[in-house]
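Numbering (the working numbering), first residue to last: 1288 to 1695.
Have a look at the structure below before the remarks.
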């Protein structure tokens, strides 16, 4: 006789929700630029939205040769862990390039980072407490606003004009707000393309020295000059030498896929950033650093950059030539002397965020200007990148943009 046991009773399991995300992660949105690029990834879209260098201008052969040589000659070193501060050969080469451009620099003054965006996040970690005030340009590089926001900083825009930051307004804000730092992209700014004149740089340096303020000077575009004379870094002015962090990057002059940037900072702050980097990513990929150092040793980066800048200047001219027909009457725009971007403002009443879906339906895209503002966004503004497309593609893109902005 077979005895059948009753099956065990099934007990309902109560599952608790996981703990919430950190408040700073909940309060900071994603990048509108990245979101737009995802939406407009179709090959037929002429995309003025991204800040992407022109891939056909990469020195792919030279970079490939540098990797081959490094992996053939020093494979164990190239594939091994590296120091947090960065490979000595690369830091020495970067120090030599910086010194040659008017700012005496030793290898030990530099910290190599995984792109200059990492440098910005390390500085935010090292300098900012929740509630600290950060001063920025109006408008400001979007990813900087994100980095400061994630640290819980209060971001305040400094008034300015077509030439950039107003030093008098800066001093008033420093006295009133007691900020920790000023963040600026003074040469071919993202998003406006404007360049802060030398006299204002000297005045900003003087305010920082007299009032007590860190300056974070971001310079990813400075070598991409098509016309005019080079303007000295703020870091080179006497009043700011001991309180300015200079950020650099190979993303716009060599290739963004290398993810190589660096910061030059006073000793104490640089050491604090190194500690923060140890907690973030240990070190920047060794093989990328050694390949970049080999490229600098074997190739003429300055000659390559000159070729890229010449091509970009032609593309800027193509965009400037077509803007009057593409944008509504009464619009205004910048005329950058270098870099990758120009900034346009449509007449009052236009909202470039609301207009974007219709523009994208015409297979062209831009970035609305509102996200680049820390507060009081000017919704009639937009950013256009002129370097990724050829002059013919720019002309066609502007034709489509004009159609998309024309009221039905």
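By construction, the Cβ of each residue, glycine as well, lies at the ideal position given by its N, Cα and C atoms.
Cross-strand partners of residue i (DSSP beta bridge)
i, result
"residue 1669", "1631 and 1655"
"residue 1636", "The partner list for residue 1636 (beta bridge, DSSP) is empty, contrary to what the question assumes."
"residue 1470", "1423 and 1503"
"residue 1531", "1502"
"residue 1512", "1625"
"residue 1369", "Beta-bridge pairing links residue 1369 to no other residue."
"residue 1314", "Answer is none; residue 1314 lacks a bridge partner."
"residue 1477", "BP columns for residue 1477 are empty, so no partner."
"residue 1333", "1651"
"residue 1536", "1548"
Exposed unless 16 or more other CB atoms sit within 10 angstroms - verdict on residue i
i, result
"residue 1544", "exposed"
"residue 1626", "buried"
"residue 1424", "buried"
"residue 1515", "exposed"
"residue 1346", "buried"
"residue 1308", "exposed"
"residue 1395", "exposed"
"residue 1530", "buried"
"residue 1386", "exposed"
"residue 1416", "exposed"
"residue 1389", "exposed"
"residue 1364", "exposed"
"residue 1445", "buried"
"residue 1648", "exposed"
"residue 1342", "exposed"
"residue 1462", "exposed"
Residue i versus residue j: straight-line alpha-carbon distance, rounded
i, j, result
"residue 1399", "residue 1546", "10 angstroms"
"residue 1352", "residue 1541", "14 angstroms"
"residue 1527", "residue 1393", "18 angstroms"
"residue 1503", "residue 1548", "14 angstroms"
"residue 1367", "residue 1554", "27 angstroms"
"residue 1631", "residue 1301", "56 angstroms"
"residue 1662", "residue 1492", "25 angstroms"
"residue 1375", "residue 1471", "28 angstroms"
"residue 1533", "residue 1506", "7 angstroms"
"residue 1449", "residue 1373", "38 angstroms"
"residue 1490", "residue 1566", "37 angstroms"
"residue 1509", "residue 1616", "32 angstroms"
"residue 1330", "residue 1361", "40 angstroms"
"residue 1252", "residue 1335", "The shown model of the chain, from 1288 to 1695, leaves out residue 1252, and the question about it has no answer."
"residue 1460", "residue 1442", "12 angstroms"
"residue 1344", "residue 1306", "47 angstroms"
"residue 1606", "residue 1304", "52 angstroms"
"residue 1664", "residue 1488", "25 angstroms"
"residue 1691", "residue 1474", "31 angstroms"
"residue 1481", "residue 1428", "12 angstroms"
"residue 1432", "residue 1672", "20 angstroms"
"residue 1453", "residue 1538", "29 angstroms"
"residue 1578", "residue 1401", "14 angstroms"
"residue 1358", "residue 1580", "13 angstroms"
"residue 1467", "residue 1496", "13 angstroms"
"residue 1551", "residue 1568", "19 angstroms"
"residue 1337", "residue 1536", "17 angstroms"
"residue 1624", "residue 1340", "17 angstroms"
"residue 1513", "residue 1674", "12 angstroms"
Contacting residues, own chain, Cβ-Cβ under 6 angstroms from residue i (five flanking each side not counted)
i, result
"residue 1688", "1613 and 1651"
"residue 1622", "none"
"residue 1640", "1655 and 1657"
"residue 1667", "1632, 1633 and 1637"
"residue 1620", "1610, 1629 and 1631"
"residue 1685", "1609 and 1613"
"residue 1595", "1344"
"residue 1483", "1451 and 1473"
"residue 1440", "1415, 1419 and 1421"
"residue 1356", "1581"
"residue 1478", "1426, 1628, 1630, 1659 and 1670"
Cβ-based neighbour list, residue i, same chain, cut-off 7 angstroms, excluding 5 preceding and 5 following
i, result
"residue 1369", "1570, 1573 and 1576"
"residue 1458", "1494 and 1498"
"residue 1604", "none"
"residue 1413", "1556, 1559, 1560 and 1563"
"residue 1680", "1333"
"residue 1379", "1394"
"residue 1669", "1631, 1639, 1653, 1654, 1655 and 1656"
"residue 1678", "1601, 1602 and 1605"
"residue 1618", "1631, 1632, 1633 and 1634"
"residue 1371", "1561, 1564, 1565, 1569 and 1570"
Residues of its chain near residue i, where Cβ-Cβ distance is below 8 angstroms and the 5 sequence neighbours each way are ignored
i, result
"residue 1349", "1582, 1585, 1586 and 1591"
"residue 1518", "1473, 1474, 1482, 1483, 1484, 1485 and 1488"
"residue 1404", "1430, 1434 and 1548"
### Message
Please give the ranges of any beta strand (DSSP E) in the region 1398-1464, keeping only runs that are unbroken, at least 3 residues long and fully inside the region.
### Response
1420-1423 and 1441-1444
### Query
Mind pulling the alpha helix (DSSP H) runs of 4 or more residues that sit fully within the region 1540-1623?
1554-1567, 1573-1585 and 1588-1613
### Query
If you scan the region 1348-1396 from start to end, which runs of the alpha helix (DSSP H) of 4 or more residues do you find wholly inside it?
1362-1365 and 1375-1387
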